[in-house]
Each structure stands twice: as structure tokens, then as C-alpha cells.
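All you need for this note's numbering is the position in the sequence shown, starting with 1, plus 1.
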Amino acid sequence: MFYFLVAPYLVYNGILIAAAVIPAIFLMVKVYRSDKLERESPYMIWTLIKAGILSSLLALVEERVLSAILGLVVPYESPLYNIILYFGIVAFAEESSKYFCMKRQTWSSWEFNCQYDGVVYAVFVSLGFALWENISYVMIYGFGTAIVRAVTAIPGHACFGVFMGIFYGIAKRLDYRNENVGSKLCRIFAVVIPALLHGAYDYIATMESQDGNGYFIGFVAVMFLLSYVLVGRTAKADRPIY
2 MFYFLVAPYL
12 VYNGILIAAA
22 VIPAIFLMVK
32 VYRSDKLERE
42 SPYMIWTLIK
52 AGILSSLLAL
62 VEERVLSAIL
72 GLVVPYESPL
82 YNIILYFGIV
92 AFAEESSKYF
102 CMKRQTWSSW
112 EFNCQYDGVV
122 YAVFVSLGFA
132 LWENISYVMI
142 YGFGTAIVRA
152 VTAIPGHACF
162 GVFMGIFYGI
172 AKRLDYRNEN
182 VGSKLCRIFA
192 VVIPALLHGA
202 YDYIATMESQ
212 DGNGYFIGFV
222 AVMFLLSYVL
232 VGRTAKADRP
242 IY
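As C-alpha cells, then:
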């Protein structure tokens with residue numbers, strides 16, 4: 002009797018988790034297969050996914066603390082509140098956490114020997130982040146949330162990862178050449194550019210104007226297309242760093 006009561010619940014939750022996980026895995030496989038020069042080891046891939054999950058937990062703590070402080074300083078109803086929230090807190094907390102965890106695991110690794118590796122690392126960390134975040138959302142809000150996030154938030158995180166990874170890979174190559182200023186600048190861009198895109202994504206998604214949905218669809222379409230083109234070109238032009 003207990004089995005018949007519990008089984009539907011387990012099946013339903015299994016479907017929700019699968020709906021949350023499959024889109025992230027699909028994008029991971031696509032990016033991994035685009036690495037034609039020298040693919041990363043399974044150990045590195047698993048390390049990156051775990052780093053992405055850890056980054057989501059770090060970002061959650063940052064967002065909670067900083068949002069509470071923001072609420073004490075800026076009125077909730079003001080336009081400035083949303084701008085600071087989405088650009089200065091949510092986007093920066095999430096992208097900086099991804100970058101911190103990624104760099105900690107990869108910068109000194111012997112496997113980081115090709116420029117495209119930076120894209121692979123950033124996208125896998127971003128999708129590890131999105132995977133864990135999506136499971137949390139889906140378990141709370143249900144299957145409909147999984148469908149929406151499968152075509153928006155998960156690819157969105159992958160796009161942020163593409164831009165982060167491009168600058169990260171260039172930074173590693175410049176570092177090897179002892180071009181320290183250029184390397185540090187690219188590392189700054191590896192956080193700032195994805196954070197700006199992320200902030201714009203969240204801000205446009207929450208616009209309450211009649212044209213808000215159109216702006217969001219247009220922004221997402223352009224970002225996805227640009228990221229797709231950049232992945233192909235970066236993979237094709239990949240070269241050893243050392």
C-alpha cells in the first residue's frame with residue numbers, strides 16, 4: 002500500500018528533475034564536441050560541473066545579504082532598485098562566483114593548454130550552475146517552469162559562459178606570454194561582460210511594459226545567435242597556448 006502511495010510522487014519528481022537536467026546536459030555535450038583540438042578529461046568535466054554547483058550556492062548567499070542591504074538603502078518601488086538589483090547584485094554575484102570557482106579549478110591546470118578550453122570551462126561551470134538552479138526552481142514551481150527555463154535561462158547561462166570563456170582563454174594565452182596587463186584586463190572582461198549581459202537579460206525579462214516580451218525575445222535571440230557563431234569560430238580558430 003505504501004508503495005502505491007509513494008510511487009506516483011517519485012515518478013512525478015523524477016520527471017521534474019529530468020526536465021530540469023536534460024537541457025543543460027544537451028548544451029554541455031554540444032560545447033564539448035565542438036572542442037576539436039584536444040578535449041578535456043572526464044575528471045576535469047566533472048570538476049567543472051561541481052564548481053558550477055558550488056558557485057550557485059555562493060551566489061545565493063551573496064544575493065541574500067546584498068539584497069537585504071539594498072532594501073534598507075533604496076526604496077523597493079523605485080526604478081533604481083531594480084537596476085542595482087539585477088545589474089549590481091544578481092548578475093555580478095552569479096557571474097563572479099562562476100568565475101571564481103572556475104579559475105580556482107582551471108587556471109593552473111596542465112589541461113588548460115588551448116584557447117578554446119576557456120570556453121569549455123566557462124560554459125560547463127555556467128551550466129553546472131544552471132543545472133542546480135533549475136532543479137531548485139522546478140521542484141518548487143513545477144514542470145511548466147522547466148519548459149520555460151529550458152529555452153531561456155539554461156541557454157542564457159550558456160551564452161554568458163561563452164563570453165566569459167572567450168576572454169578567459171585569451172587571458173591565459175596572454176599570461177603565458179607574460180603580457181600581464183592584457184591578461185588582467187581580459188580577466189576583468191571575463192566577469193564584466195557576462196554580468197552586463199546577465200543584468201540586461203534579467204532586467205528586460207521583468208519589464209512590465211506592453212513591449213517587454215518583444216524586447217526580451219529580441220534580446221535573447223540576438224544573444225543566442227551571437228553566442229552560437231562565436232562558439233563555432235572560436236573552436237575553429239583554436240590553437241595551443243604553450
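Where is the CB? At the ideal position from N, CA and C, for every residue including glycine.
Simplified DSSP assignment, three categories, for residue i
i: Gly195; result: According to the sequence as given, residue 195 is Pro; it is not Gly. Note: Pro195 maps to helix in three-state DSSP.
i: Pro241; result: strand
i: Ser68; result: helix
i: Gly129; result: helix
Limits of the alpha helix (DSSP H) - the one that residue i falls within
i: Ile94; result: Sequence check: residue 94 is Ala here, not Ile. Counting along the chain, the alpha helix (DSSP H) containing Ala94 begins and ends at Phe93 to Thr107.
i: Gly89; result: Where Gly89 is concerned, there is no enclosing alpha helix (DSSP H), given that its DSSP letter is neither H nor E.
i: Met208; result: Neither: Met208 is in no alpha helix (DSSP H) and is coded neither H nor E.
i: Tyr163; result: For clarity, residue 163 is Val in the given sequence; the question names Tyr instead. Its alpha helix (DSSP H) spans residues Ala154 to Tyr177.
Residue i versus residue j: straight-line alpha-carbon distance, rounded
i: Cys160; j: Thr207; result: 19 Å
i: Leu28; j: Leu226; result: 14 Å
i: Ser97; j: Ala196; result: 8 Å
i: Lys1; j: Pro156; result: No statement about residue 1 is possible, as the shown extent of the chain runs from 2 to 243 and does not include it.
i: Glu39; j: Ala238; result: 13 Å
i: Phe101; j: Ser56; result: 8 Å
i: Arg65; j: Ile50; result: 23 Å
i: Gly215; j: Met224; result: 14 Å
i: Tyr33; j: Pro80; result: 40 Å
i: Gln106; j: Thr48; result: 7 Å
i: Leu6; j: His199; result: Caution applies to Leu6, whose pLDDT of 44 falls short of 50 and renders its modelled position unreliable; the model cannot decide the point.
i: Lys37; j: Met45; result: 17 Å
i: Tyr138; j: Glu95; result: 16 Å
i: Ala123; j: Ala69; result: 29 Å
i: Ile23; j: Asn135; result: 11 Å
i: Gly183; j: Ile171; result: 9 Å
i: Leu175; j: Phe220; result: 32 Å
i: Ala181; j: Glu78; result: According to the sequence shown, residue 181 is Asn rather than Ala. Asn181 and Glu78: Cα-Cα distance of roughly 44 Å.
Contacting residues, own chain, Cβ-Cβ under 6 Å from residue i (five flanking each side not counted)
i: Tyr204; result: Tyr87
i: Phe164; result: Ile194 and Pro195
i: Leu250; result: Any property of residue 250 remains undetermined from this structure, which presents the chain solely from 2 to 243.
i: Glu63; result: Ala94
Sequence-distant residues of its chain with Cβ nearer than 8 Å to residue i (five each side left out)
i: Ile54; result: Gly129, Phe130, Leu132 and Trp133
i: Tyr177; result: Ile242 and Tyr243
Integer Cβ distance of residue i from residue j, believed to fall under 8 Å
i: Leu71; j: Tyr82; result: 7 Å
i: Phe113; j: Lys173; result: 6 Å
i: Arg240; j: Gln116; result: 6 Å
i: Val120; j: Gly166; result: 3 Å
i: Ser127; j: Gly162; result: 3 Å
i: Ala222; j: Ser35; result: Their Cβ separation, rounded to whole angstroms, is 21 Å, which puts Ala222 and Ser35 out of contact at 8 Å.
Close-in-space but distant-in-sequence residues of the same chain around residue i (CB under 7 Å, 5 per side omitted)
i: Ala191; result: Tyr100, Met165, Phe168, Tyr169 and Ala172
i: Ile85; result: Leu71 and Val75
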